[in-house]
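Asks:
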């Protein structure tokens with residue numbers, strides 16, 4: 572009984588995190604993970620659920636979110652504020668100083684009506700646009716790399732067969 576359940580769990584985990592997938596699904600999973608890793612408030616659980624629903628590669632998605640979770644949010648903050656300020660017609664310096672001077676007040680302050688529309692919403696909008704652009708770059712780069720690697724690996728394999736045959 573113990574052996575049966577252990578093998579069943581092992582097979583489930585292998586299928587769940589299978590990396591032997593199409594280049595699109597691997598790259599899409601990684602890009603989704605990078606997107607959720609950069610976007611504030613999202614995490615590994617959300618990434619795994621969404622990647623499962625969209626049938627993207629879960630291992631690549633988990634790797635993407637873990638690689639970018641939290642640290643990327645701080646790195647991307649200035650760009651997110653710039654994009655959010657541009658899209659909403661706000662001033663970058665005033666938006667950034669408003670965020671920096673009030674961030675110690677906690678999340679309840681950030682969802683207050685006046686501050687939400689003046690500061691929080693532009694920054695969140697900027698985060699999603701910047702995260703989407705970075706995820707698109709990750710997707711494109713990974714698809715190209717995976718296709719190139721697999722093509723090289725396949726030609727190398729065919730070359731070996733010719734030498735042996």
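Residue numbers (the numbering used here): 572 to 736. The C-beta atom is built at its ideal place from N, Cα and C for all residues, glycine as well.
In this structure, how does DSSP classify residue 641 when only helix, strand and coil are distinguished?
Replies: Of the three classes helix, strand and coil, the one that applies to residue 641 here is coil, per DSSP.
Asks: Hey, residue 632 and residue 601 are a contact pair by Cβ (cut 8 Å); roughly how many whole angstroms apart?
Replies: About 7 Å separates the two Cβ atoms, so the contact holds.
Asks: Does the distance from the C-beta atom of residue 597 to that of residue 695 stay below 8 Å?
Replies: no
Asks: Is residue 612 buried or exposed, if buried means 16 or more other CB atoms sit within 10 Å of its CB?
Replies: Counting Cβ neighbours within 10 Å, residue 612 comes out exposed, since fewer than 16 surround it.
Asks: Between residue 647 and residue 577, what straight-line distance do the alpha-carbon atoms span, to the nearest angstrom?
Replies: 42 Å
Asks: From residue 594 to residue 715, what does the alpha carbon distance come to, in whole angstroms?
Replies: 8 Å
Asks: Between the Cα of residue 652 and the Cα atoms of 621, 638 and 689, which residue gives the shortest distance?
Replies: The shortest C-alpha separation from residue 652 is found at 689.
Asks: Classify residue 660 as buried or exposed, calling it buried when 16 or more other Cβ atoms lie within 10 Å of its own Cβ.
Replies: exposed
Asks: Quick one: residues in its chain with C-beta nearer than 6 Å to the C-beta of residue 640, no 5 flanking neighbours on either side, listed in chain order?
Replies: 608
Asks: With 16 as the cutoff for other CB atoms within 10 Å, does residue 719 come out buried or exposed?
Replies: exposed
Asks: Residues in the same chain with beta-carbon distance under 6 Å from residue 655, minus the five sequence neighbours each way, listed in chain order, please.
Replies: 693, 694, 696 and 697
Asks: In whole angstroms, what is the alpha-carbon distance linking residue 666 and residue 699?
Replies: 17 Å
Asks: Among the candidates 619, 628, 617 and 579, whose CA atom is the shortest distance from the CA of residue 599?
Replies: Taking each of 619, 628, 617 and 579 in turn and checking the Cα distance to residue 599, the smallest one comes out for 628.
Asks: What are the uninterrupted segments assigned as alpha helix (DSSP H) that are 4 or more residues long and contained completely in the stretch 648-717, given in chain order?
Replies: 663-673 and 678-681
Asks: Apart from the five residues just before and just after residue 625, which ones in its own chain have a Cβ nearer than 8 Å to its Cβ?
Replies: 599 and 603
Asks: Just the C-alpha distance for residue 712 and residue 662, rounded to the nearest angstrom, thanks.
Replies: 33 Å
Asks: Once the 5 residues before and after residue 739 are set aside, which same chain residues still bring their CB inside 6 Å of it?
Replies: Residue 739 is absent from the structure shown; the chain starts at 572 and stops at 736.
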